[in-house]
Every structure is written in structure tokens, then in C-alpha cells.
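Step one of this worksheet: look at the structure below.
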Amino acid sequence: MAESKDKVIFSAMQVTGKLHLGNYEGALRNWVRLQDEYELYAGIVDLHSLTTTFRDTSELRANIRDAALDYLAAGLDPEKTAIVVQSWVPAHSELHVLLSMITPLGWLERVPTYKEKREQLHIANPSYGLLGYPVLMAADILVYRATDVPVGRDQVAHLELTREIARRFNHLYGETFPEPQALLNEFAVLPGLDNRKMSKSYGNCIYLSDSEEEVRKKVRSMFTDPEKIRKNDPGHPAQCPVQAYHAAYDAEGAAEAAPACEAGTLGCVAHKQQVADLMVQRLTPLWERRAAWAAKPAEVDEVLAEGARRARAKTEETMEMVWRAMKLR
Ligand code: ADP
Numbered sequence: 000m001a002e003s004k005d006k007v008i009f010s011a012m013q014v015t016g017k018l019h020l021g022n023y024e025g026a027l028r029n030w031v032r033l034q035d036e037y038e039l040y041a042g043i044v045d046l047h048s049l050t051t052t053f054r055d056t057s058e059l060r061a062n063i064r065d066a067a068l069d070y071l072a073a074g075l076d077p078e079k080t081a082i083v084v085q086s087w088v089p090a091h092s093e094l095h096v097l098l099s100m101i102t103p104l105g106w107l108e109r110v111p112t113y114k115e116k117r118e119q120l121h122i123a124n125p126s127y128g129l130l131g132y133p134v135l136m137a138a139d140i141l142v143y144r145a146t147d148v149p150v151g152r153d154q155v156a157h158l159e160l161t162r163e164i165a166r167r168f169n170h171l172y173g174e175t176f177p178e179p180q181a182l183l184n185e186f187a188v189l190p191g192l193d194n195r196k197m198s199k200s201y202g203n204c205i206y207l208s209d210s211e212e213e214v215r216k217k218v219r220s221m222f223t224d225p226e227k228i229r230k231n232d233p234g235h236p237a238q239c240p241v242q243a244y245h246a247a248y249d250a251e252g253a254a255e256a257a258p259a260c261e262a263g264t265l266g267c268v269a270h271k272q273q274v275a276d277l278m279v280q281r282l283t284p285l286w287e288r289r290a291a292w293a294a295k296p297a298e299v300d301e302v303l304a305e306g307a308r309r310a311r312a313k314t315e316e317t318m319e320m321v322w323r324a325m326k327l328r
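Residue numbers (numbering that gives the first Met the number 0): 0 to 328.
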């Protein structure tokens, strides 16, 4: 695989809360697959978290460790993948400053998530950092000279801004950054317990760190068709999160369950039991790995220290190229 390791990926998650099943199925699981083929930097982007949680930073450090455990539990192999805490690698911030000089304000004001976040989180006085979030994201990616970025369909627009910033830099100062390509992950968005998108902000999550008992309890409490009151009532599997999970874990089994649910021969209680079993099966290896790493905190520290070392070596090389291109060295 030496030849294909020319391809570099940076991908990351924020640490505003614990990671959930949506994060795993929609992102982490994909990284685990990609780590053999790519030089992979898996970011824990704590600076990004500050855009919304700057008032109370007391939980950030614990969240960073939790995220590291989740990454390792998911199967990221520290021999192959650098797990990088963003604030430990100064080049992220350095490049962010430089890119912020060349990014027109209009580009940022147009980003739909800026408006969405302000509305959702009721932010009356948005900070400079919140508006600049996509520039920091561009810096995160470009500072590794990433060739590819795994994204869901909803994130393609974000990546486009990174590509525009890279083009603008290359145009102004000479070819420095590859324009990173989207590695489109077609995984459908996983619903939460209430059938909205599973998201930290909705509090409808099954967390990777939940125990088997918690997972089973949460699945039992999951929203189902409000019109299917008795077992024999016909259900609407296309709108049911239990069915969505079933499809994610076992497409064949789900194809059999759907008509049975519709016909009223499969009740919600039994269906949930089936899905909980599949979920536990899927999560058991993660729980085992998590417990093994949690038992050796010094080794987790070392994984993060080594990730930062590798990230610093790579990003300092990029910064040398950047300073030179800008004629500042
Ligand atoms: P959250 O919505 O909980 O804040 P993030 O926006 O931080 O999650 O997402 C981190 C990563 O996890 C992204 O790659 C995103 O596409 C993926 N992801 C988040 N929620 C889901 C979900 N419900 N289903 C599939 N993927 C998801």
C-alpha cells in the first residue's frame, strides 16, 4: 500500500459532548476502513468546540480523553493513524491566521451553517471565531496537505469553501496546497431515539460509551409509529427509527421485517428486541476495546503525544512551504 499512502486524509470531530452511534456509523467506521489505504490524521478539534462553549471550558479536557477512547474503541489503530488534538499542534492556528487574511468576508457570511447555528443556539452576538469556523476548518485540512476528506452529503458545501480557499492561496502565492477531494460517504443519516437526526444537540443519542443495559433500555424507549398501538396494528416501517437501525445493521433481515411490520405480524416490542440484539452485537467489540484502553490511561496519553508529534512534523513541513510561498521566509 506504500504507493497509495501518497493520499492524505484529515478528518475530525468536535468535543462538545460524548460521541454517539451516528458519529460512529456516519464517520468513525469509515475512517477505520480508510486507515489502511491513506495517511490518516484523525482530529479531535477542541478549538472548534470553543466557538460555542467558550464560557464553560471545564469539561473540554475530559471530553478530549473520551473522544480519544471512542476513536480507539472504534478501531483506529495508533500505529497507522495519528490521533491529533488540534490545540496541541500550533500550525492549525498559524495557518488559520494566514488564511483568514485571504478569505473574503462575503464567503463566510454565505455559509448556511453559520446562520443555522446562530438561530439554533440563540446566539445574539456571534463571535469572530464563529464566523471564521470554516477558515479554521480549511486550515485543519490544508495544513496536512490533505488530498481527500471523507464527508457526508450535507458537508460537501463546507468542503467546497476549503477548496476555494486553497485555490485562492495557490493563485496568490503559487501552487502549495492540493485541492482536497470529497470522499463521499453515502451512509444515510441515523435517526435518534425520537426519530429526528441523532445529534448531541437534541439529547436523543445512544452513546458509544453507553453500557449494554443502557443501550437496551434506550432501544425499548425508542419512538415508533404512534398509530401502531397494538401489536397487530399495521405499522409504517419507512418512518420508523427501529426499522432504520435494522436496515443499517442487517439489510436482509430488515427487508423481511418491513412487510411483517406493515402486515401487523411483527410487533414493536419484538422488533426492538431484535434490533437491540444486533446493536449489542455490533457494539460488543467496541466495548471490549474501550475497556482495554480505559484500563491503561498512560498508554492513551502516549497515543495522543505520539499523534501530536507526527502531526507537528507533517504540519511544520507545510508551514515552511507556506512561509516561503508568502515570501515571509
Ligand atoms: P452532532 O450532530 O452530534 O453535533 P457532528 O455534527 O459533530 O455531530 O458530526 C460529526 C460527524 O458525525 C460528521 O461526520 C457527521 O456527518 C457524523 N454524524 C453526526 N450525526 C450523524 C447521524 N445521525 N447519522 C450519521 N452520521 C452522523
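Quick reminder that beta carbons are idealized off the backbone N, C-alpha and C, glycines included.
Identity of the residue in Tyr248, Ser220 and Ala256 nearest Ala237 by Cα: The shortest Cα separation from Ala237 among Tyr248, Ser220 and Ala256 belongs to Ala256.
8 Å Cβ cutoff met for Val134 and Thr112: Not in contact: Val134 and Thr112 (Cβ atoms no closer than 8 Å).
Environment of His270 [buried if 16+ CB atoms lie within 10 Å]: By the Cβ-count criterion, His270 is buried, with 16 or more other Cβ atoms from all chains shown falling within 10 Å of its own Cβ.
Beta-carbon gap between Gly25 and Leu189 smaller than 8 Å: For the pair Gly25 and Leu189, the CB atoms are nearer than the 8 Å cut-off.
Whole-Å CB distance - Asn29 paired with Pro149, under 8 Å assumed: Indeed, because the Cβ distance is near 5 Å, the residues count as touching under 8 Å.
Sub-8 Å separation of Val155 and Ala187 beta-carbons: Cβ distance not < 8 Å, so Val155 and Ala187 don't count as in contact.
Own chain, CB closer than 6 Å to Ser3, minus 5 neighbours either side, in chain order: Low confidence applies to Ser3: its pLDDT is 48, below 50, so where it sits in the model is not reliable enough to give any reading.
Opening and closing residue of the alpha helix (DSSP H) in which Ala250 lies: Looking at the DSSP string, the run of the alpha helix (DSSP H) that includes Ala250 is Ala250 to Ala262.
Segments assigned alpha helix (DSSP H), at least 4 residues, entirely inside the region 54 to 107: Fully enclosed alpha helix (DSSP H) runs of 4 or longer: 59 to 73 and 90 to 101.
Leu183 - containing beta strand (DSSP E), residue span: That run of the beta strand (DSSP E) goes Gln180 to Asn184.
Cβ-heavy atom distance, Ala165 to the ligand ADP, below 7 Å: Not so, every heavy atom of the ligand ADP lies at least 7 Å from the Cβ.
Under the three-state DSSP convention, the category Lys17 falls into: Secondary structure at Lys17: coil, using DSSP grouped into helix, strand and coil.
Coarse secondary structure for Cys221, derived from DSSP in three states: Note that residue 221 is Met in the sequence shown here, rather than Cys. Look at Met221 here: in three-state DSSP terms it is coil, with no helix or strand label.
Val7 to Tyr143 span [Cα, whole Å]: The alpha-carbon separation between Val7 and Tyr143 amounts to approximately 7 Å.
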